[in-house]
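Novice: Sending over a structure as structure tokens; questions will come in a sec.
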Amino acid sequence: MLLLISLFFQAACYTYIPLEVHETKAQSSTSSSKNIQTISNSPTSMENFSKNWISEYSISVKIGTPPQFFKLLINTASSWTFISEQRCPGCKKPEHLFNRTASSSYRFQSKLNDFSFENFSTTSKLSSDLMSLDNSKDQVNQIFLLGFGDTEIILPESNVDGYLGLGLKNWSYRTFPENLKIYQSAESSAFSIFLSKDESKMASNIIFGGYDLKKYAVEDSFADVEIAENDDWKIKVSLIMFGHVKICENQLALIHTGIDTILGPEKQIEELYKYLLYTYYCWEAIDSIRCPIMPNNKEPYPILYVYIESQEYSIDPSTYLREIVDDQMGNVLLVLIKKSQNLFWSLGHPFLKNYYIVFDIEEKSIGLAKSLNKGKIENEETQETPIDNDSPTANGELSSVSNEERLIYVSIIFLLLIIVLILSIGLIWCCLKRSEMIYIDQEIED
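Taking mature numbering (1 follows the signal peptide of the UniProt record, and there is no 0), I'd label the letters of the sequence shown as residues -15 to -1, 1 to 431.
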């Protein structure tokens, strides 16, 4: 009985609220940077590298005279471009190190200590040199950081040679997309990113100077969102739901191309983990939460919903779960939603694989459109999965029960259990009294 009461109280510990599904409508924009017919440049393919459950996207660039070739990680979290010097003491990687003495166009600017990226730092030289895309002859004079500390610390287990800073500049110098416009290699400093779920069918790419909705996005799904702060690509998020579980409200979220996870504040992610542990029989690991390939309760893993300006954006399980081999459990699912020390969320590759993103530096806005990946998945699900008209989800609403209703249910059941307990005690007492009376009668007769 106590076990039954405990289970009901556990079921009431999560916050469930009803969801209204909003269709993401296209919003008109008067900005010239949104005219794809006049400014869209040819896409630059991005290389996807995966190792030890880490995934990263990079592009090839040329720096110096004569040119030296590098693979740089696409990074919208920082406005600094960073590579390492050939002479850095103790450097074993990255594989390609910059030889400044071999470049006639290299210029030293000043020395900077402790350049930071995420949780790492190194000593750098503020430098400038000619830079261009590997598939382009258009060169720009780019200011960047040349590291000469131990880059093994700042580039752990990575296949890249450095970072291409695509964040909004605060105290840094012009970013590469801005220089492309200054040097008239592009009509706009905007750039767009498409991450493919199947590189064999369509390669991941970045377009500097514009975007192509017709090729990479679902029709009539584009929406423009103003950034929340002037120094990075953060937007306001009104609500985050995990299935029908409310995780948080009124948060900031950074659109982060340099991570293959979704990051959130520690306490909020812990609530999400509790739901996975309780509902899907997942278990905790050092790197994250791991789950069985097939949920034990036979329910599909939930969708992560992010609400931005009253519009619903969803991250399906196929992008936030990655199949890996566990030494003890065999094939399992690694949850790519992890804790962060930051007070804001970071939406990495799982989000970008669902949405085609346009970063507009001039307008200080982010354009969001359903990725072609997402459109194909939704069409396949619509064709293969019949919709039950009697189901609460048939009209676009997720089934849910409020906290008040759950408390009422628990109270009623608890009251019924008390009544049953009282009746049971009364019945036992009556039986005992009856037995006592029978015994007394037998003694009198004797």
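No residue lacks a Cβ here, since even glycine has one placed at the ideal position from N, Cα and C.
Computed from a predicted structure; not experimentally measured.
Can you tell me whether N164 is helix, strand or coil according to DSSP?
Specialist: Reduced to three states, the DSSP call for N164 is helix.
Novice: Looking only at C-alpha atoms, which of V405, Y298, Q53, W218 sits nearest to S331?
Specialist: Checked all of V405, Y298, Q53, W218; the closest Cα to S331 is W218.
Novice: Starting from F193, follow the alpha helix (DSSP H) in both directions and report where the run begins and ends.
Specialist: Counting along the chain, F193 falls outside any alpha helix (DSSP H), though it belongs to the beta strand (DSSP E) covering 190 to 193.
Novice: Can you check whether the CB of G147 is closer than 9 Å to the CB of L58?
Specialist: Yes. Within cutoff.
Novice: Could you work out which residue in N190, G411, T107, S112 is closest to Q94 when comparing CA atoms only?
Specialist: Among N190, G411, T107, S112, the Cα nearest to that of Q94 is on S112.
Novice: Note down the Cα distance separating G243 from H229, rounded to an integer number of angstroms.
Specialist: Whole-angstrom Cα-Cα distance: 29 Å.
Novice: May I have the straight-line CA-CA distance separating V291 from K154, to the nearest angstrom?
Specialist: One C-alpha to the other measures close to 26 Å.
Novice: Which of helix, strand or coil does DSSP assign to N126?
Specialist: Reduced to three states, the DSSP call for N126 is strand.
Novice: Contact defined as beta carbons within less than 8 Å: I believe P335 pairs with I300. What is the distance between those atoms, to the nearest angstrom?
Specialist: Indeed they touch by this definition, with Cβ atoms about 5 Å apart.
Novice: First and last residue of the alpha helix (DSSP H) that includes E255?
Specialist: Start and end: 251 to 265.
Novice: Quick one: what does DSSP say A87 is sitting in, helix, strand or coil?
Specialist: Note: A87 maps to helix in three-state DSSP.
Novice: By the DSSP assignment, the alpha helix (DSSP H) with S223 in it spans what residues?
Specialist: Segment 219 to 227 is the beta strand (DSSP E) holding S223; no alpha helix (DSSP H) there.
Novice: With DSSP as the reference, please indicate the residues paired to W330 in a beta bridge.
Specialist: W330 pairs with A238.
Novice: I'd like the list of long-range same chain contacts for K359, defined as Cβ closer than 6 Å, with 5 residues on each side in sequence excluded.
Specialist: So the qualifying residues of the chain are N339.
Novice: Residues in its own chain within less than 8 Å of E308 by CB, not counting five upstream and five downstream?
Specialist: Here the set comprises I278, N316, V317, L318, L319.
Novice: Do S350 and E211 have their C-beta atoms within less than 9 Å of each other?
Specialist: Yes.
Novice: Let me check understanding here. Comparing Cα to Cα, which of D123, T86, I225 lies closest to F161?
Specialist: Nearest of D123, T86, I225 to F161, Cα basis: D123.
Novice: Spatial neighbours of S16 within its chain, please: CB distance less than 6 Å, with the 5 preceding and 5 following residues excluded, ordered by chain position.
Specialist: Caution is warranted here: a pLDDT of 37 is assigned to S16, below 50, making its placement in the model unreliable, and no coordinate value can be reported.
Novice: Determine the burial state of F344: buried for a count of at least 16 other Cβ atoms within 10 Å of its Cβ, exposed for fewer.
Specialist: That one is buried.
Novice: Let me make sure I understand the geometry here. Which of T246, N120, I407 has the alpha-carbon closest to that of W337?
Specialist: First, the amino acid is wrong: residue 337 is Leu here, not Trp. Nearest of T246, N120, I407 to L337, Cα basis: T246.
Novice: How would you call I232, buried or exposed, if buried means at least 16 neighbouring beta carbons within 10 angstroms?
Specialist: So I232 counts as buried.
Novice: Thinking C-alpha only, which one of Y91, L82, G150 is nearest N144?
Specialist: That would be L82, whose Cα lies nearest to the Cα of N144.
Novice: Taking the Cβ atom as the reference point for each residue, do N28 and I192 lie within a distance shorter than 9 Å?
Specialist: According to the sequence as given, residue 28 is Pro; it is not Asn. In this structure, I192 lies closer than 9 Å to P28 by Cβ.
Novice: Can the beta-carbon of S189 be found closer than 9 Å to that of S181?
Specialist: Yes, the Cβ-Cβ distance between S189 and S181 is below 9 Å.
Novice: Taking only three categories from DSSP, how would you classify G152?
Specialist: In the structure shown, G152 sits in coil (DSSP, three-state: anything other than H, G, I, E or B).
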